[in-house]
Amino acid sequence: MIGKARLKAIADTILSAANADQTEVLVNGQDLALTRFAANSIHQNVSETDVSVRVRSIVGKKIGVASSNDVSEQALKGLVRKAETVASFQQQNPEFRSLPEPLPVRGVDAYSESTAGYSAEARAKGVRTILEQSRSHDMQASGAFSTGTEETMIANSLGVSAYHCGTMATVMTVIMGSNSAGYAADAAQDVSRLDPSDIARIAVDKAIRSKNPTPIDPGSYTVILESDAVATMMFYLGYLGLGAQSMQENRSFMSGRIGQKITGNNITIWDDGFDPRGIMFPFDYEGVPKQKVMLIEEGIARGVVYDTASAQREVGQVSTGHGLPAPNTMGPIPTSLFMKPGVATQEEMIASTKKGIWVTRFHYVNPVHPVKAILTGMTRDGTFLIEDGKITRPLKNLRFTQSILEAFSHAEMLGRDLKMIKMGFGGFATCAPAAKINGFTFTGTTEF
Amino acid sequence: MRETTERALDVCRSHGATYADIRIVRRENQNITVKNGIVQTLSLDDDFGFGVRVIADGAWGFASSNQLTGAEIDRVAAQAVTIARASATANDSKVELGPPEVHVDSYKTPVHIDPFDVSLEDKIDVLIAADKEARAVKGLALAQGSMGFLRETKTFASSEGSYIEQTLVESGLGITVRAVADGEMQQRSYPNSFGRHQGTGGYEIIQKWDLPGNARRAAEEAVALLSAPQCPSKTTTLILDGPQLALQVHESCGHPIELDRVYGTEAAFAGTSFLTPDKYGTFRYGSDVVNLVADAVTPTGLGTYGYDDEGVPGQTTDIVKNGMFVGYLTSRETASQLRKTHPNAPARSNGTMRADGWNRVPIVRMNNVSLMPGEPSLDELIADTDDGIYMLTNKSWSIDDKRLNFQFGTEMAYEIKNGKLGQMVKNATYTGITPKFWGGCDAVCNTDHWNVWGTTNCGKGQPGQTAHTGHGTAPARFRNVQVGLLG
Numbered sequence: 022m023i024g025k026a027r028l029k030a031i032a033d034t035i036l037s038a039a040n041a042d043q044t045e046v047l048v049n050g051q052d053l054a055l056t057r058f059a060a061n062s063i064h065q066n067v068s069e070t071d072v073s074v075r076v077r078s079i080v081g082k083k084i085g086v087a088s089s090n091d092v093s094e095q096a097l098k099g100l101v102r103k104a105e106t107v108a109s110f111q112q113q114n115p116e117f118r119s120l121p122e123p124l125p126v127r128g129v130d131a132y133s134e135s136t137a138g139y140s141a142e143a144r145a146k147g148v149r150t151i152l153e154q155s156r157s158h159d160m161q162a163s164g165a166f167s168t169g170t171e172e173t174m175i176a177n178s179l180g181v182s183a184y185h186c187g188t189m190a191t192v193m194t195v196i197m198g199s200n201s202a203g204y205a206a207d208a209a210q211d212v213s214r215l216d217p218s219d220i221a222r223i224a225v226d227k228a229i230r231s232k233n234p235t236p237i238d239p240g241s242y243t244v245i246l247e248s249d250a251v252a253t254m255m256f257y258l259g260y261l262g263l264g265a266q267s268m269q270e271n272r273s274f275m276s277g278r279i280g281q282k283i284t285g286n287n288i289t290i291w292d293d294g295f296d297p298r299g300i301m302f303p304f305d306y307e308g309v310p311k312q313k314v315m316l317i318e319e320g321i322a323r324g325v326v327y328d329t330a331s332a333q334r335e336v337g338q339v340s341t342g343h344g345l346p347a348p349n350t351m352g353p354i355p356t357s358l359f360m361k362p363g364v365a366t367q368e369e370m371i372a373s374t375k376k377g378i379w380v381t382r383f384h385y386v387n388p389v390h391p392v393k394a395i396l397t398g399m400t401r402d403g404t405f406l407i408e409d410g411k412i413t414r415p416l417k418n419l420r421f422t423q424s425i426l427e428a429f430s431h432a433e434m435l436g437r438d439l440k441m442i443k444m445g446f447g448g449f450a451t452c453a454p455a456a457k458i459n460g461f462t463f464t465g466t467t468e469f
Numbered sequence: 112m113r114e115t116t117e118r119a120l121d122v123c124r125s126h127g128a129t130y131a132d133i134r135i136v137r138r139e140n141q142n143i144t145v146k147n148g149i150v151q152t153l154s155l156d157d158d159f160g161f162g163v164r165v166i167a168d169g170a171w172g173f174a175s176s177n178q179l180t181g182a183e184i185d186r187v188a189a190q191a192v193t194i195a196r197a198s199a200t201a202n203d204s205k206v207e208l209g210p211p212e213v214h215v216d217s218y219k220t221p222v223h224i225d226p227f228d229v230s231l232e233d234k235i236d237v238l239i240a241a242d243k244e245a246r247a248v249k250g251l252a253l254a255q256g257s258m259g260f261l262r263e264t265k266t267f268a269s270s271e272g273s274y275i276e277q278t279l280v281e282s283g284l285g286i287t288v289r290a291v292a293d294g295e296m297q298q299r300s301y302p303n304s305f306g307r308h309q310g311t312g313g314y315e316i317i318q319k320w321d322l323p324g325n326a327r328r329a330a331e332e333a334v335a336l337l338s339a340p341q342c343p344s345k346t347t348t349l350i351l352d353g354p355q356l357a358l359q360v361h362e363s364c365g366h367p368i369e370l371d372r373v374y375g376t377e378a379a380f381a382g383t384s385f386l387t388p389d390k391y392g393t394f395r396y397g398s399d400v401v402n403l404v405a406d407a408v409t410p411t412g413l414g415t416y417g418y419d420d421e422g423v424p425g426q427t428t429d430i431v432k433n434g435m436f437v438g439y440l441t442s443r444e445t446a447s448q449l450r451k452t453h454p455n456a457p458a459r460s461n462g463t464m465r466a467d468g469w470n471r472v473p474i475v476r477m478n479n480v481s482l483m484p485g486e487p488s489l490d491e492l493i494a495d496t497d498d499g500i501y502m503l504t505n506k507s508w509s510i511d512d513k514r515l516n517f518q519f520g521t522e523m524a525y526e527i528k529n530g531k532l533g534q535m536v537k538n539a540t541y542t543g544i545t546p547k548f549w550g551g552c553d554a555v556c557n558t559d560h561w562n563v564w565g566t567t568n569c570g571k572g573q574p575g576q577t578a579h580t581g582h583g584t585a586p587a588r589f590r591n592v593q594v595g596l597l598g
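Chains as they are written, first to last, in the working numbering: chain E, 22 to 469; chain H, 112 to 598.
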């Protein structure tokens, strides 16, 4: 860990060397480690220490950005000159008004000493417990155990000065039999809350139950999606249409539909960077404090998230604290999504299903029709048929092609537990319940 | 620099490493984006650091830092050994690297016009000119053009005696235009989607593709797509253009031939492969006209380099020969592993281990995985097709975790009737199973249509790594393909 004082000193060096009309500096410190295993062995085991500095210089309405990870005083001063030189080559950006003014930022406790100090030996010990369970069932385990500390300092010449330090630990595994696989994962700010043994037990159990899968014809089915699968759909919903710029450019399903019903009554989705059930991050990459933003409330489209630039396009709108690092052409996106849970247990969802498909998680999901929020992707690592209220057999994997909004219009039941799913990017996390959805469209099958 | 690399390797040896290498890497990136006439992005990014990879107690360890000082080198090298020893506590077997690789050499990307010598104004002028051409088309909602340039200088040294210096230069450009109406968004991209096409080389790549000269046509096509009928849903003959075929090769051939993936090292994340070792040399991957080659030597290919990131020379490998599966992309470790079950497999790696910068460990990555050209021209191929569909430029992609079931969507398509292109159709998709799809390939166009397309967004590994890969393709024809799934 580098510490607030050092990161602030780097930011101060940048700002005091700046000659531009406005200057912003983003300093990111990382101390990350990841132990990766496959075929019941640790095959990659890595650590990384880095500090990167990104400077945004504004001269009139000309904007230049430069970044480096050389934090010597001479290099930092050179970086400022570089950003200002880039700005001088720029054209005026008529849309630009100003960097954000300072606002009070509420601090959050997202740091865990046990995570920050976790050793390679401790991670290897956790991995061994997974490998032992896998070997004892004559299966092959793969996965990753990561721990790390990330620090973020954002300051600008208007007085913004925000610092945050957070830790994160994740354990995930796929355990494979000769023709089956099971997946389990967990993530927490405090590594001591993770139980690799329990994660292995869940994955092994699923791998055993998914042995000798058989095919089923594609078509429309009731599905019970575990939290991972629901979180993937929520992430794409946010990426495709819950940011202001996508709405302003008419490429969002929210465009022209605020106040209208877009999903079923039982769907409520919001973004909250302060909720400890997710990854807490109190401000965005412009130093603007995060607001809790209601996006979909009881099926009604309520709003989208804003950064400074997208807020300045609308009269009376302010940033909700969802800006990404400059330069950013895609606009703001929600980073801490939550779905309001229901009351059902997974057992109740299964018991209430005459015929349906249980999905552990999705693989390689991508948009097919962004405006209609239609996605395609595959199931993987545990797909099962439910008949007459019971899981009857494992299935070969299926391809779905399905509108998320339509799926969320037919959610018959939502699980009572929220699970935090760490998404693939930085501090992104989605908290999702399991869901029972009717009329979910599968369009293809595969051979395993 | 030799003093620095020797210091790191000495520390590794003194702590008990039986193998060690160090990579010192600097990356300079320049990115420019013009969106609807406004320069949205103008950034210069510089990234520097070093990574030390070791084998100790028969297991791998890796540590990295952005501070190349004597004390930090000592700390990081010792940490790499500590991590390796921790790895060993969980493992039943030891890493085998095969025969040593010892090379003292240097390599530089051939560059005619250094892109970092071309002024920012000149680059912006090209993008603004393309933007104006596109937005002159009535009904266009958005035009976004970009250029990207990369210079990567890296030094590799190993405890086996290698010392290799390389400078790789990449240049890329592209424009994406969008038309929006009534809940419909249509886009066209030039020369390729995913933001831009990129290759190894200098500013001559930018000049070759003439962005302003092609932007208006792209915009007209995007607007026309809004009123085009939906792609029909049926089983038919499919012709793919070069850029779409490049992604088809990438996903359904390039990834499943990565031998680390075959051995399960990506199983929990990117997945495994249907091309298991029992299929090596015996499996019919495609029809007789399907010939696939992996190389690191094709000029301007985005996967072209002198040496990979474990110091193995870039080379050429047959992957599919007359339809038969004959080769993998390998590392030193996976090549050794394959030899245990296939004694006739090559003893050495074919040099495809690459890392996404100083802070990532090298993993098997595609270099230029290419479909070799055939005989007909595109006109001849279309004239020879009674009924079918011609799809151009990728818009959507997905494939299962063994790389069998895929579904792609393209930006644009045309019906083919009686040997001629018919009406334009929108929202075109096709789906299939990899060996069946390639088994239905009955023609690949000739060298006049062949180009090495650059993919800059290939994701793999944990922590995540993004690789730049090349794919040489010419349009090709596939029989009995399911197209058009959207209603």
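All C-beta atoms, glycine included, are put in the ideal place defined by N, C-alpha and C.
Since we're looking at a predicted model, the values are computed, not measured.
Asked: Neighbour-count burial assignment, Glu115(E), 16 or more Cβ in a 10 Å radius; Found: A small correction: the amino acid at residue 115(E) is Pro; Glu does not occupy that position in the sequence shown. Exposed is the call here.
Asked: Collapsed DSSP secondary structure at Tyr260(E) in the structure displayed; Found: helix
Asked: Touching by the beta-carbon criterion (3+ pairs, under 8 Å), the region 345-354 of chain E and the region 132-151 of chain E; Found: no
Asked: Nearest residue (CA-CA) to Arg514(H), options Pro546(H), Lys219(H) and Thr521(H); Found: Pro546(H)
Asked: Supposed close pair Ala131(E), Gln51(E) - CB separation, criterion 8 Å; Found: No, Ala131(E) and Gln51(E) are not in contact; Cβ-Cβ is about 15 Å, not under 8 Å.
Asked: Three-state secondary structure (DSSP) of Ala41(E); Found: coil
Asked: Beta-carbon proximity of Phe256(E) to Thr451(E), cut-off 9 Å; Found: yes
Asked: Inter-residue spacing [alpha-carbon to alpha-carbon] between Pro346(E) and Gly320(E); Found: 31 Å
Asked: Own chain residues within Cβ distance below 8 Å of Ser218(E), not counting five before or after; Found: Thr150, Ile151 and Gln154
Asked: Arg307(H) versus Lys313(E): straight-line alpha-carbon distance, rounded; Found: 36 Å
Asked: Residues in the region 62-77 of chain E having any Cβ partner in chain H nearer than 7 Å; Found: Ser62, Ile63, His64, Gln65, Asn66, Val67, Ser68, Glu69, Thr70, Asp71 and Val72
Asked: Interface residues of the region 131-148 of chain E facing chain H [CB-CB below 8 Å]; Found: Ser140, Ala141, Glu142, Arg144, Ala145, Lys146 and Val148
Asked: Selection from Thr188(E), Phe449(E) and Gln266(E) that minimises the alpha carbon distance to Ala54(E); Found: Thr188(E)
Asked: Cβ neighbours of Gly598(H) in the same chain (closer than 7 Å, five flanking residues each side left out); Found: Unreliable placement is indicated for Gly598(H), whose pLDDT of 45 sits below 50; no coordinate value is reported for it.
Asked: Residue span of the alpha helix (DSSP H) that contains Arg590(H), given as start and end; Found: Element bounds for Arg590(H): not the alpha helix (DSSP H) but the beta strand (DSSP E), Ala587 to Val594.
Asked: Chain-order list of residues whose beta-carbon lies under 6 Å from that of Thr243(E) (same chain, five-residue window excluded); Found: Thr374, Gly377 and Asn459
Asked: Environment of Glu114(H) [buried if 16+ CB atoms lie within 10 Å]; Found: exposed
Asked: Contact set for Gly365(H): own chain, Cβ-Cβ below 6 Å, skip 5 residues either direction; Found: Met477 and Val480
Asked: Residue of Met435(H), Ala578(H) and Gly162(H) minimising C-alpha distance to Gly565(H); Found: Ala578(H)
Asked: Continuous beta strand (DSSP E) stretch holding Asn562(H): start and end; Found: Asn562 to Lys571
Asked: CB contact check: Ile84(E) to chain H, cutoff 9 Å; Found: yes
Asked: Whole-number beta carbon distance between Gly308(E) and Asn177(E), since they are thought to touch under 8 Å; Found: 7 Å
Asked: Test: Asp249(E) CB closer than 9 Å to a CB of chain H; Found: no
Asked: Stretch-stretch touch, CB-based, cutoff 8 Å, three pairs: the region 161-168 of chain H with the region 466-473 of chain H; Found: yes
Asked: Chain E within 9 Å of Tyr374(H), Cβ atoms only; Found: yes
Asked: Any C-beta of chain H under 9 Å from that of Thr350(E); Found: yes
Asked: Within chain H, partners of Lys313(E) - CB distance below 9 Å; Found: Those do not exist, as Lys313(E) stays about 29 Å from chain H at its closest Cβ, beyond 9 Å.
Asked: Three-state class that DSSP yields for Arg414(E) in the structure shown; Found: strand
Asked: Where Asp158(H) falls, given that 16 or more other Cβ within 10 Å makes a residue buried; Found: buried
Asked: Min CB distance Val389(E) to chain H below 9 Å; Found: yes
Asked: Outcome for Val213(H) when other beta-carbon atoms lying within 10 angstroms are tallied against a minimum of 16; Found: exposed
Asked: Given Thr393(H) as reference, the closest of Thr383(H), His453(H), Arg328(H) and Val145(H) once Cα atoms are compared; Found: His453(H)
Asked: Closer than 9 Å to chain H by CB, Glu335(E); Found: no
Asked: Ser331(E) in three-state terms, based on DSSP; Found: helix
Asked: Cβ of Thr393(H) within 9 Å of any chain E Cβ; Found: no
Asked: Residue range of the beta strand (DSSP E) that includes Thr194(E); Found: Ser182 to Met197
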